[in-house]
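In what follows, a structure is listed as C-alpha cells, so that the remarks can point back to it.
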Amino acid sequence: MENTTLGNQYQIVRKIATGGMGELFVANQFGEFNYQRQVVIKRLHPELATDALHRGLFIQEAVLSGRFNHPNLVHVHGITEDSNGLYMVMEYIVGMDLMGLVRAAIARRSFLPLEHALCIIAQIGEGLETVHSITDARGRPLN
C-alpha cells in the first residue's frame, strides 16, 4: 500500500499497525492551495469489506467516532471508499502510545513516576466520559 494514492487527496506513507478489522497507515492529505497534513488511514481488511456485518460495524465506528470532540480522543475526519477499499480518515498524533511508554519503562527497569501515571489515568477517564456521554436519538446512552 505504500506510495498508493487514495482518491485524489491521500498518499500512503507507511503502515503502522494491523488489527483484527483493519490496517493503519500514515498518509499525507493534499488539498487545494498547497494544503497538506498528515493523517492516519484505517482500511477495513479487504476480505471483510464484502461482509455486510463488518462493513456496518466499520461504518458505525467512523460515524460514532466522528461525533466525539475531546482533546483526549482521536478525531475522525471522515470515511470514504474507492477501488482499494473502505477507509476511515483520522487525526495523526505524533508521539509514543501508552504501550510504548510502558515498554520504555520496563526496558529501563523502572516504573512510570506516580504523578505521570495518575495524569495519564485522568486523561483516559476524561476521554471515556466523553465516549459514554454519546446518546441515541431518544437521549439514551449507547452501549
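For the sequence shown, the working numbering assigns the number 10 to the initial residue and increments by one for each residue that follows.
C-beta atoms are modelled at their ideal positions from N, C-alpha and C, and glycine is treated no differently.
Predicted model only: the values in this text are computed from it and were never measured.
Next on the checklist: I need the boundaries of the beta strand (DSSP E) containing His86, first residue and last residue.
Outcome noted: 85-91 is the extent of the beta strand (DSSP E) around His86.
Exercise. Check whether the Cβ atoms of Met30 and Leu15 lie closer than 8 Å to each other.
Key: no
Reduced DSSP category for Met97 - H, G, I as helix; E, B as strand; rest coil:
Look at Met97 here: in three-state DSSP terms it is strand.
Gly87 versus Ile25 - alpha carbon distance
Gly87 and Ile25 have their C-alpha atoms some 19 Å from each other.
Q.
Counting beta carbon pairs with one atom in the segment 86-102 and one in the segment 43-61, are three or more of them shorter than 8 Å?
A. yes
Terminal residues of the alpha helix (DSSP H) in which Glu135 lies: 123-141
Three-way DSSP call (helix, strand, coil) for Leu53 in this model:
strand
For Val103 and Cys128, what's the separation of their Cα atoms in angstroms? 19 Å
Q. Residues in its own chain within less than 8 Å of Thr13 by CB, not counting five upstream and five downstream?
A. Gln20, Ile21, Asn93
Residues bridged to Gln45 [DSSP beta-bridge criterion] = Phe39
Q: Name the residue from Ile143, Thr139, Leu107, Arg147 whose alpha carbon lies nearest to the alpha carbon of His79.
A: Thr139
- [ ] Within 10 angstroms of the Cβ of Phe34, are there 16 or more other Cβ atoms? Answer buried if so, exposed if not.
- [x] It is buried - the Cβ of Phe34 has at least 16 other Cβ atoms within 10 Å.
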